[in-house]
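Visitor: Under this note's numbering, think of the first position of the sequence shown as 3, with each following residue one higher. Here a beta-carbon is modelled for each residue, glycine too, at the ideal position from N, C-alpha and C. In this text the structure is predicted, and so the values were computed from the model without any measurement. Please see the structure below; I have some questions.
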Amino acid sequence: MSVVVVQPTRTARARLQPFDARQVGLVDGFWADRIRINREHTIPHGLDQIRNAGTLGNLRLAAAGAGDYRAAADSVGATLPFLDSDVYKWLEAVGWELGRQPDPALAAAADGVIDVVAAAQRPDGYLNSYVQLGGGVPYRDLSWGHELYCVAHLIQAAVAWHRALADDRLLAVAVRATDHLPPGIMDGHPGIEMALVELTRVTGDRRYLALAARMIEQRGRRTLPGADRFGATYWQDHETVRDAASVAGHAVRQLYLDCGAVDVAVEAGDDQLLTAVRRRWDDLMRTRTYLTGGMGSRHRDEAFGDPYELPPDRAYAETCAAIASVMLAWRLLLATGDVTYADTIERTMFNGVLPGLALDGRRFFYTNPLQRRTHRTPGGAGERRPWYPCACCPPNLMRMLSSWQQYLATHDESGLQLHQYASAEVDAELRAGPVRVQIRTDYPWDGRILVRLLRTPAEPWTLSMRVPRWCHSATITGPDGTETLGTGTGTVKRHRRWRPGDVVDLSLDLPPRVTEPDPRVDAVRGCVAVERGPLVYCIEAADAPERTEIEELSWDPRRDLATVPRPDLEESLVGITVPVVRHRPGESAADGLTTGAIPYFAWANRTLGGMRVWIPRSTP
């Protein structure tokens, strides 16, 4: 059984194949630490929260057949009907974790949750605690009910337990729930489409793939009821998936929809559908994506804005949208082999996904603005919370991190491709024969990646390593000598007859750099951002000169940036010293000052205060 999130079938039209999670073992370093924190702190914290919030209790009441649905209202006072999905996302995270490393206590807790889910299912297969406890009619409110969205997360949890643990208790529940769906149905919140494709991949039953394909074709024909102030665009129901030229509406819904479209396209060999998704993706990257990889610029409707509408202080950039972006980019990478999707995954994971989780693993962001004003309206951005009334993001982070090692590498008929860099070991069964590769690196703090061949067949094969778009200078040294790599290399490939003990040394230069915005993003015109390697940096009040607010600071282009260790935040973390000028009304500009910049993912872990990614440029 392959322990993978996305597993194209043998007949699918995919260029690359994922590795079984058991074939990619993280050893230590940055990503190993994040996964450990997720396992030891975030996932147990999540269990406490779904218990305390009544989310798990709703399913218990549904099993008993009586009780009142418990849910905190959202910002406009509406009851949230989709909280079952938080339980399923938590179970998915646990499934991937237990498949990687046994944990009797965690397994016992999850067993109890699975028992509750199974008991809550009606004899006819229907399962939704909101409808069951409220006496509602199934599938009556397709626009807002999220019933299929909840089934989608149930399926994805079931797939995780089936693949990682050969445990089919959840799969039996998911199949019965799916088989209860009436024909021609479509949910207001996409997500079911990609889940159905994975259900076909697990069960071999192509009815689920056919249902997903019908849902994709039905979208955009204005069939969802409720044309209120949100309009058809909110649900991506304004244009067909094949015809829509750009993303629109609710960001997470759009990205989940396109995940399903890619899955259907590769299984059906539908190049036209895949091309439509790639066209939207390219437009999204050019016109509606923040420097951090964040997506969704409007708080209203949690939606994409107009092209280049990317205000830093009003950015919504929901954590779930960043995760959905990684999910879509991964599918596009597998489908096409285009390394630019791996570049996007890297940028988004470091700067769009990780900021959603505090360094301690127990507090979260729902939205991720690129600026927090020192003097702001109470209740604004910047304070992490242990949970949310609408808690979609925290368990989404858990399942993303628990499956992250599956995103590091792929293989094809030619050999092995390394996409994301971490200290790890990869056991690969390539067409040429079995390969074992050891990777050692202090990435992202250091740009040197050492790859050692521990086992290799006699037949030649190709080792491919990504050279990120941000890298302007790199070298690669191996058995064939040293080569200097320029900007735009994309991928460096070495095809040869390898021997055990061979070493490939890829060194990526990591100087701090200043990034100019696209001039069409008027909200940050005249500003710069600071980056180093794959990381976007920000300045934060805690590092500003004494008695200085960050709004008083501008970047001084006459002096250089410098790196500095920041063990006060985290061992090995590298900060940047930024030269600044202070401007105050009625005072002469004060130059010669500096302020500290830290990786954006690490902000809001100290005292609350101002923060900004885009820094005004000082003028003489």
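Grab the span of the beta strand (DSSP E) containing Asp345 for me, first residue to last.
Guide: Looking at the DSSP string, Asp345 is not in any beta strand (DSSP E); the run it does join, the alpha helix (DSSP H), is 342-350.
Visitor: What does DSSP give as the partner residues of Cys529 in its beta bridges?
Guide: Pro618
Visitor: Whose C-alpha, out of His301, Ala16, Ala23, Ala434, is nearest the C-alpha of Ser4?
Guide: Ala23
Visitor: With a threshold of 6 Å (Cβ to nearest heavy atom), would Val505 be considered close to the ligand ATP?
Guide: The model depicted lacks the ligand ATP and carries no ligand whatsoever.
Visitor: On the DSSP bridge list, what partners appear for Asp19?
Guide: Note on identity: in this sequence residue 19 is Gln, with Asp being the wrong assignment. In the DSSP output, where bridge partners are listed per residue, Gln19 has His413.
Visitor: Return the CA-CA distance between Asp273 and Leu18, expressed in angstroms with no decimal places.
Guide: So the alpha carbons of these two residues sit roughly 16 Å apart.
Visitor: Rank Val133, Leu211, Arg282, Asp50 by C-alpha distance to the C-alpha of Pro83 and give the top, closest one.
Guide: Val133
Visitor: How many Å lie between Glu553 and Thr369 at the Cα?
Guide: 21 Å
Visitor: Who pairs with Trp557 in a beta bridge, going by DSSP?
Guide: Val582, Arg619
Visitor: For the alpha helix (DSSP H) containing Val254, list its first residue and its last residue.
Guide: 253-270
Visitor: How big is the Cα-Cα spacing for Met467 and Val615?
Guide: C-alpha separation (whole angstroms): 30 Å.
Visitor: Roughly how many whole angstroms lie between the Cα atoms of Arg15 and Tyr71?
Guide: 44 Å
Visitor: Out of Arg221, Ala197, Val119, which one is the CA nearest neighbour of Leu172?
Guide: Val119
Visitor: Buried or exposed: which applies to Ser327, given that a residue is buried once 16 or more other Cβ atoms fall within 10 Å of its Cβ?
Guide: Buried is the call here.
Visitor: So the candidates are Arg584, Val566, Ala591, Val582; which of them puts its Cα closest to the Cα of Ile1?
Guide: Here the chain covers residues 3 to 622 and nothing more, so residue 1 does not appear.
Visitor: Looking at Ala214: is its Cβ nearer than 7 Å to the Cβ of Leu226?
Guide: no
Visitor: Just checking my contact of Arg433 with Glu415 at CB under 8 Å: how many whole Å lie between their CB atoms?
Guide: 5 Å
Visitor: Tell me where the alpha helix (DSSP H) around Thr491 begins and ends.
Guide: Neither: Thr491 is in no alpha helix (DSSP H) and is coded neither H nor E.
Visitor: Measure the C-alpha to C-alpha separation of Thr180 and Pro581 and round it to an integer number of angstroms.
Guide: 58 Å
Visitor: Between which two residues does the alpha helix (DSSP H) holding Cys322 run?
Guide: In the DSSP assignment, Cys322 falls within the alpha helix (DSSP H) that extends over 321-338.
Visitor: Beta strand (DSSP E) containing Met661: first to last residue?
Guide: Because the chain here runs from 3 to 622, residue 661 falls outside it and cannot be looked at.
Visitor: When you compare only the Cα positions, how much space is there between Gly48 and Trp389?
Guide: 8 Å
Visitor: Ends of the alpha helix (DSSP H) at Arg457?
Guide: That residue, Arg457, is in no alpha helix (DSSP H); its beta strand (DSSP E) goes 450-457.
Visitor: Tell me the rounded alpha-carbon separation between Val139 and Gly598.
Guide: 57 Å
Visitor: The alpha helix (DSSP H) spanning Glu195 covers which residue range?
Guide: 194-205
Visitor: How is the beta strand (DSSP E) around Arg224 delimited, first residue to last?
Guide: Run containing Arg224: none; DSSP gives neither H nor E here.
Visitor: By Cβ distance, which residues of its chain are closer than 7 Å to Gly59, with the 5 residues on each side in sequence left out?
Guide: Arg72
Visitor: Cutting at 7 Å between CB atoms, please list the residues of its own chain near Thr458, excluding the five before and the five after it.
Guide: For Thr458, the CB contacts under 7 Å within the same chain, skipping 5 residues up- and downstream, are Val437, Trp500, Arg501, Pro502 in chain order.
Visitor: If I measure Cβ to Cβ from Arg203 and keep anything under 7 Å in the same chain, skipping five residues before and after, which residues do I get?
Guide: Gln9, Thr11
Visitor: Within 10 angstroms of its Cβ, does Glu573 collect 16 or more other Cβ (buried), or is it exposed?
Guide: By the Cβ-count criterion, Glu573 is exposed, with fewer than 16 other Cβ atoms from all chains shown falling within 10 Å of its own Cβ.
Visitor: If you follow the alpha helix (DSSP H) that Ala166 is part of, which residue opens it and which one closes it?
Guide: 149-167
Visitor: Taking CB distances under 7 Å as the criterion, tell me whether Ala168 reaches chain B.
Guide: Absent from the structure: chain B. Only one protein chain is present.
Visitor: Going by the DSSP bridge assignment, what does Arg366 pair with across the sheet?
Guide: Here residue 366 is Phe; the residue named in the question, Arg, does not match the sequence. Answer is Leu359, Arg387, bridged to Phe366.
Visitor: Under 7 Å, do Gly67 and Leu135 count as touching if we go by C-beta distance?
Guide: Taking 7 Å as the Cβ cut-off, Gly67 and Leu135 do not qualify as a contacting pair.
Visitor: If we call anything under 7 Å between Cβ atoms a contact, is Ile623 one with Leu403?
Guide: Since the first residue shown for the chain is 3 and the last is 622, residue 623 is missing from the structure and cannot be characterised.
Visitor: Would you mind sorting Pro125 into buried or exposed? The rule is 16 or more other CB atoms within 10 Å of its CB.
Guide: exposed
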